[in-house]
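Student:
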Amino acid sequence: MLVLWLLPLFVSVECTKYVYPAIATATFTGPSIVGSFNFYQDIEGHVRITGAIHTGLEQDIDYKFRFHHGTCSDMGPVKLIHPLNSMNVYGVGTPPIQEIIEGIQLTGHDGIIGFPWVLMNNDRDLACVIIKGQQQ
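Quick note, the working numbering runs 14 ahead of the 1-based positions in the sequence shown.
1. Can you check which of these residues, Thr108, Pro109, Pro97 and His123, is closest to Asn135 by C-alpha distance?
2. Under 7 Å Cβ to Cβ from His186, same chain only, skipping five residues before and after it: list those, please.
3. Nearest CA to the CA of Ala66: which residue from Gly44, Asp88 and Thr108?
4. Using 8 Å for Cβ pairs, my map puts Val61 next to Leu140. What's the rounded Cβ distance?
5. Between Asp56, Val103, Ile144 and Ile126, which has its C-alpha nearest Gln73's C-alpha?
6. Just curious, the beta strand (DSSP E) that Pro97 is in, first and last residue?
7. Asp76 by DSSP, collapsed to three states: which one?
8. Distance check for Ile95 and Val53, CA to CA, integer angstroms please.
9. Bridge partners of Pro130, per DSSP?
10. Do Leu133 and Phe79 have their C-beta atoms within less than 9 Å of each other?
11. Might you give, ordered along the chain, the residues of its own chain that have their beta carbon closer than 6 Å to the beta carbon of Gly125, omitting 5 neighbours on each side?
12. Excluding the 5 residues preceding and the 5 following Val25 in the sequence, name in chain order all residues of the same chain whose CB lies nearer than 7 Å to its CB.
13. Are the Cβ atoms of Thr41 and Val106 separated by less than 9 Å?
Here's what the structure looks like:
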């Protein structure tokens with residue numbers, strides 16, 4: 015009689031924990047830039063942003079946003095620079111914006127929750143907020 019012993023094989027795998035769905039907020043509270051945005055990460059990992067800037071912008075200026083490591087007072091390396099392609103300025107603000115931002119995650123090792131989000135024009139930084147996670 016042949017007895018075969020099977021030993022369990024233990025493999026160490028380092029993985030990144032993503033939580034889907036996830037939501038976060040970013041609010042610009044002034045004094046010059048006022049607006050709020052919501053971030054939603056769906057079960058496929060796509061991050062959609064919705065929101066608007068209510069006051070503080072000028073027409074005919076290209077605005078972009080940067081995600082950073084660090085804090086607003088001590089910004090580390092840039093994680094991602096992106097324009098909001100659907101962002102159009104009318105008067106001093108924008109109508110509602112909604113689009114998917116490629117290249118970011120809200121949760122996990124490379125998640126943006128807790129990090130700075132900077133609004134900038136061609137010349138300078140205009141405002142910085144920390145992206146705050148929300149319970150769902």
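Even for Gly, the Cβ is constructed at its ideal location relative to N, Cα and C.
Tutor: So, from the data block:
1. For Asn135, the nearest C-alpha among the options comes from Pro97.
2. Since the first residue shown for the chain is 15 and the last is 150, residue 186 is missing from the structure and cannot be characterised.
3. Thr108
4. Contact between Val61 and Leu140 is absent: CB atoms are separated by about 22 Å, not below the 8 Å threshold.
5. Val103
6. According to the DSSP assignment, Pro97 belongs to no beta strand (DSSP E), since it is labelled neither H nor E.
7. coil
8. Note that residue 53 corresponds to Phe in the displayed sequence, not to Val. Spanning the two alpha carbons is a distance of roughly 16 Å.
9. Ile144
10. yes
11. Gln119
12. Here the model assigns Val25 a pLDDT of 31, short of 50, so the residue's position is not dependable and the matter cannot be decided.
13. no
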